[in-house]
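As structure tokens, the structure follows; a few thoughts come after it.
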Amino acid sequence: MLIFATIWDSLYEFFKNNLWPIILAISMLIISLVIIRLICSILNKVLLKSGIDGTAVSFYLAVTKLALWIIVIFIVASILSISTSSLIVGFSSIALAVALALKDSLANLANGIIIIFNKPFRRGDHIEVDGVEGKIINIKLLTSEIISFDNKRYIIPNSKMVNSTITNFTSLPTRRLSLTFTVAYESDLDKVEKVLLEVVKADKRVLAKPKPFIFLSNHGESSLEYTVRVWTNTGDYWDLNYDMPRKVFDAFKANNISIPFNQLDIHLDSKDGEKQ
Numbered sequence: 595m596l597i598f599a600t601i602w603d604s605l606y607e608f609f610k611n612n613l614w615p616i617i618l619a620i621s622m623l624i625i626s627l628v629i630i631r632l633i634c635s636i637l638n639k640v641l642l643k644s645g646i647d648g649t650a651v652s653f654y655l656a657v658t659k660l661a662l663w664i665i666v667i668f669i670v671a672s673i674l675s676i677s678t679s680s681l682i683v684g685f686s687s688i689a690l691a692v693a694l695a696l697k698d699s700l701a702n703l704a705n706g707i708i709i710i711f712n713k714p715f716r717r718g719d720h721i722e723v724d725g726v727e728g729k730i731i732n733i734k735l736l737t738s739e740i741i742s743f744d745n746k747r748y749i750i751p752n753s754k755m756v757n758s759t760i761t762n763f764t765s766l767p768t769r770r771l772s773l774t775f776t777v778a779y780e781s782d783l784d785k786v787e788k789v790l791l792e793v794v795k796a797d798k799r800v801l802a803k804p805k806p807f808i809f810l811s812n813h814g815e816s817s818l819e820y821t822v823r824v825w826t827n828t829g830d831y832w833d834l835n836y837d838m839p840r841k842v843f844d845a846f847k848a849n850n851i852s853i854p855f856n857q858l859d860i861h862l863d864s865k866d867g868e869k870q
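If you're matching positions, the sequence shown starts at 595 in the working numbering and goes up one per residue.
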């Protein structure tokens, strides 16, 4: 009981002698909370209007908020007459302990900074990384978020994002589409190539340059294979990919170009040895 009494007396004396600094420190914390929220709100609007990649906005806000709170802590320490040098030593000790305990998280933080400045992708880009494919929606301090095309959310550590091969399907303005079509061996090849070229040129989404490239690419077991390579704007890639096979099918049908399918011929031997 004597120990508790001693502690209580010490606390009483501390609060009695430092009542005004304590009130001032609490007021400072409350005011700082409001000001930091206001600053972050204004900064968010400024960053979005400045054209900075949306994926980086949340990262910048998190770093800004952390820096502001560190400043507030030092101001409060000064109000309470706490030695800032002692505070720095304490922070350093805590930082060292945290660094050892959270080395993987700190690596993710460092790699998040690398992502922000190198900009291998932007919000809304269609990417594939470490076997995950989808649209990038956010970059946070430690992780990046991807939404797959079947609406799954993937949270990937920034270290994995930096150390893995990233395929960005939408970072360039144009893409090449490659499709394969089959025709029967008895087809008029000149006619086939003419029809394919007409279908390609009739679609306004196909770019004139680089020129479309149509060639006989393979002699299959039951058909000839033609490869059609065209260039299109990245935004039109998937629509063109879905539409082109139907257009080619209709054009082949209209021009009596046979599209082969696998057939199986069966020969039966009768009892007298004659084939049927």
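C-beta: ideal position from N, C-alpha, C; glycine also.
These numbers come from a predicted model, not from an experiment.
Beta-carbon contacts of residue i that lie in its chain and below 7 angstroms, excluding the five residues immediately before and after
i: residue 752; result: 702, 705, 706, 709, 736, 737, 738
i: residue 828; result: 764, 766, 767, 768, 769
i: residue 747; result: 739, 741
i: residue 655; result: 634, 637, 638
i: residue 940; result: The structure shown has nothing for residue 940, since the chain only spans 595 to 870.
i: residue 778; result: 817, 852, 854
Whole-angstrom distance between residue j and residue i, CA atom to CA atom
i: residue 721; j: residue 671; result: 47 angstroms
i: residue 661; j: residue 643; result: 23 angstroms
i: residue 784; j: residue 816; result: 19 angstroms
i: residue 836; j: residue 641; result: 38 angstroms
i: residue 630; j: residue 624; result: 10 angstroms
i: residue 674; j: residue 627; result: 18 angstroms
i: residue 750; j: residue 718; result: 16 angstroms
i: residue 729; j: residue 743; result: 8 angstroms
i: residue 760; j: residue 715; result: 9 angstroms
i: residue 727; j: residue 830; result: 19 angstroms
i: residue 550; j: residue 832; result: Here the chain has residues from 595 to 870 only, and residue 550 is not among them.
i: residue 791; j: residue 774; result: 14 angstroms
i: residue 839; j: residue 804; result: 21 angstroms
i: residue 787; j: residue 802; result: 17 angstroms
i: residue 658; j: residue 758; result: 28 angstroms
i: residue 614; j: residue 745; result: 55 angstroms
Residues near residue i in its chain [Cβ-Cβ closer than 6 angstroms; skip 5 each side]
i: residue 812; result: 819
i: residue 807; result: 823
i: residue 762; result: 715, 719, 721
i: residue 618; result: 673
i: residue 845; result: 789, 793
i: residue 847; result: none
Cβ separation of residue i and residue j, assumed to be a contact under 8 angstroms, to the nearest whole Å
i: residue 772; j: residue 821; result: 6 angstroms
i: residue 669; j: residue 622; result: 6 angstroms
i: residue 793; j: residue 841; result: 5 angstroms
i: residue 940; j: residue 724; result: Residue 940 lies beyond the residue range present for the chain, which begins at 595 and ends at 870; the question has no answer from this structure.
Residues near residue i in its chain [Cβ-Cβ closer than 8 angstroms; skip 5 each side]
i: residue 652; result: 732, 733, 734
i: residue 780; result: 852
i: residue 834; result: 771, 797, 799, 800, 824, 826
i: residue 776; result: 814, 817, 818, 819, 820, 853, 854
i: residue 712; result: none
i: residue 795; result: 806
i: residue 849; result: 785, 789
i: residue 843; result: 853
CB contact below 8 angstroms: residue i versus chain D
i: residue 807; result: Note that chain D does not occur in the displayed structure, where there is just one protein chain.
Item to check | Any beta strand (DSSP E) of 3 or more consecutive residues that is wholly inside the region 701-754 | outcome: 720-723, 726-733, 737-741, 747-751
Checklist entry - Going along the chain, which unbroken runs of the alpha helix (DSSP H) with 4 or more residues stay wholly within the region 613-679? => result 613-643, 648-673
Checklist entry - What are the complete alpha helix (DSSP H) segments, minimum 4 residues, inside the region 756-796? => result 783-796
Checklist entry - What runs of the alpha helix (DSSP H), each 4 residues or longer, lie entirely inside the region 823-860? => result 831-848
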